[in-house]
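Peer 1:
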Amino acid sequence: MPPRTRGAKEVLVDRDSVVAKTQEHVREHLTGESSGHDWWHVNRVWQTAVQIGSEEGADLYVVQLAALLHDIADAKFHEGDEEIGSRTAADWLRSLDVDEPIITHVAAIIRDISFKGAGVPTPMPTREGMVVQDADRLDALGAIGMARAFAYGGFRGRVLHDPDSLPVMHATVDAYRSHRGSTVNHVFEKLLLLKDRMNTESARRIASERHEFLEHFLRQFFAEWDGKA
Ligand code: ADP
Ligand code: NI
1 MPPRTRGAKE VLVDRDSVVA KTQEHVREHL TGESSGHDWW HVNRVWQTAV QIGSEEGADL
61 YVVQLAALLH DIADAKFHEG DEEIGSRTAA DWLRSLDVDE PIITHVAAII RDISFKGAGV
121 PTPMPTREGM VVQDADRLDA LGAIGMARAF AYGGFRGRVL HDPDSLPVMH ATVDAYRSHR
181 GSTVNHVFEK LLLLKDRMNT ESARRIASER HEFLEHFLRQ FFAEWDGKA
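In our numbering, the protein residues as written are 1 to 229.
1. Using only the alpha-carbon positions, how far apart do GLU212 and ASP38 sit?
2. May I have the straight-line CA-CA distance separating ASP174 from VAL11, to the nearest angstrom?
3. Can you look up MET1 in the DSSP assignment and give me helix, strand or coil?
4. What do you get for ALA223, buried or exposed, if any count of 16 or more other CB atoms within 10 angstroms of its CB means buried?
5. Give me the Cα-Cα distance between VAL19 and SER208, rounded to the nearest whole angstrom.
6. Measuring CA to CA, which of ALA140, VAL168, ARG27, ARG127 is closest to PHE115?
7. Output the residues surrounding the ligand NI, defined as those with a CB atom closer than 5 Å to any ligand heavy atom, in chain order.
8. Using the beta-carbon count (16 or more within 10 Å), is ASP136 buried or exposed?
9. Looking at C-alpha atoms only, which residue of GLU55, THR22, PRO167 is the closest neighbour of LEU69?
10. Which same chain residues, not among the five before or five after ALA151, have their C-beta less than 6 Å away from its C-beta?
11. Report the option in LYS190, GLY181, GLN133 whose CA atom is closest to the CA atom of ARG156.
12. Are there any heavy atoms of the ligand GTP lying less than 7 Å away from the beta-carbon of ASP81, as far as the coordinates show?
13. Start and end of the alpha helix (DSSP H) containing VAL62?
14. Say whether the region 94-104 touches the region 158-166, bearing in mind that this needs 3 or more beta-carbon pairs closer than 8 Å, one atom from each stretch.
15. Distance, Cα to Cα, ALA108 vs ALA58?
16. Relative to the ligand ADP, is the shortest distance from any of its heavy atoms to the C-beta of GLY207 smaller than 7 Å?
Okay, here's the thing in structure tokens:
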């Protein structure tokens with residue numbers, strides 16, 4: 001008898017079940033997380049990544065696995081271990097017998113996805129990586145982005161705003177990660193920079209509207225702060 005080879009249909013079924021098992025695993029792991037990296041954040045990034053990925057002609061299998069696993073373990077919460085997310089994701093995918101080149105690709109996306117400071121480039125060499133990075137960054141913009149920033153600031157014990165301290169444009173990831181500024185300054189140090197750092201045309205369109213909302217929010221915030229609104 002010839003060795004059994006996998007038919008195209010079987011591979012498709014396999015892929016659906018890998019995505020479904022990964023979704024379940026991540027949901028169990030991140031439900032109730034309160035720093036803004038909860039399951040619902042991942043769910044939004046997943047949906048947005050599929051939408052942008054379809055428009056951009058990306059491989060949606062890689063896109064979905066990277067989107068679902070991108071916050072499974074975060075360097076910020078593990079003494080700056082920059083490899084922890086990609087390692088944890090790779091271990092999970094290996095337990096499901098996912099093909100090694102797919103694992104390598106997904107792990108590389110997760111390793112490189114994060115914003116690391118205004119002056120630190122975060123290049124993404126593949127279309128799939130560009131899509132997932134954009135989807136993650138879109139969730140840091142708009143009303144949800146603002147809500148997440150203040151949730152994160154509260155989680156870390158940061159002040160809302162300190163009129164005596166100016167935003168800092170960080171030149172290194174260490175300077176960015178160790179900074180303990182206000183949440184309003186974080187909006188200047190990261191969120192307002194994101195629209196010009198989108199990789200894809202599809203994301204740029206969404207980012208531009210969400211960016212306008214951030215500006216509108218800040219104008220109102222400062223007007224209220226100064227007793228002028
Ligand atoms: P990335 O998605 O690029 O990895 P993070 O995980 O650092 O970014 O950020 C996730 C969310 O937490 C974002 O919405 C971000 O704005 C918010 N956040 C990160 N650092 C801070 C901070 N110092 N103050 C307020 N919000 C923050
Ligand atoms: Ni994220």
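All residues carry an ideal CB built from backbone N, CA and C; glycine is no exception.
Peer 2: In short:
1. In the sequence shown, counting from the first residue as 1, residue 212 sits at position 212. In the sequence shown, counting from the first residue as 1, residue 38 sits at position 38. Looking at the two C-alpha atoms, the distance is approximately 25 Å.
2. Position 174 of the sequence shown, counted from the start, is the residue given in the question as residue 174. Position 11 of the sequence shown, counted from the start, is the residue given in the question as residue 11. Rounded to the nearest angstrom, the two C-alpha atoms are 42 Å apart.
3. Looking up residue 1 in the sequence shown gives position 1. Model confidence at MET1 stands at a pLDDT of 48, short of 50, so the residue's coordinates are unreliable; what they give is reported in the following sentence. Three-state result, MET1: coil.
4. Locating residue 223 in the sequence shown gives position 223, counting from the first residue. By the 10 Å Cβ count, ALA223 comes out exposed.
5. Locating residue 19 in the sequence shown gives position 19, where the first residue counts as 1. Locating residue 208 in the sequence shown gives position 208, where the first residue counts as 1. Rounded to whole angstroms, VAL19 to SER208 spans 31 Å at the Cα level.
6. In the sequence shown, the residue the question calls residue 115 occupies position 115. Comparing Cα positions, the closest option is ALA140.
7. ASP71, ASP136
8. By one-based count along the sequence shown, residue 136 stands at place 136. Result: buried.
9. Within the sequence shown, the letter at position 69 stands for residue 69. Comparing Cα-Cα distances from LEU69 to each of GLU55, THR22, PRO167, the minimum goes to THR22.
10. Counting from 1 along the sequence shown, the entry for residue 151 is found at position 151. Excluding residues within five positions, the ones whose Cβ falls inside 6 Å are GLY36.
11. In the sequence shown, residue 156 corresponds to position 156, counting from 1. Looking at the Cα atoms, GLY181 is the closest of the given residues.
12. Absence of the ligand GTP is noted for the structure shown, with the ligand ADP and the ligand NI being the only ligands found.
13. Against the sequence shown, residue 62 aligns to sequence position 62. Membership of VAL62 in the alpha helix (DSSP H) is indicated by the continuous run 60-69.
14. no
15. Residue mapping note: residue 108 aligns to position 108 of the sequence shown, counting from 1. Residue mapping note: residue 58 aligns to position 58 of the sequence shown, counting from 1. Between ALA108 and ALA58, the C-alpha separation is close to 16 Å.
16. By 1-based counting over the sequence shown, the position of residue 207 is 207. In the sequence under discussion, the amino acid at residue 207 is Ala, which differs from the Gly named in the question. The answer is no for ALA207.
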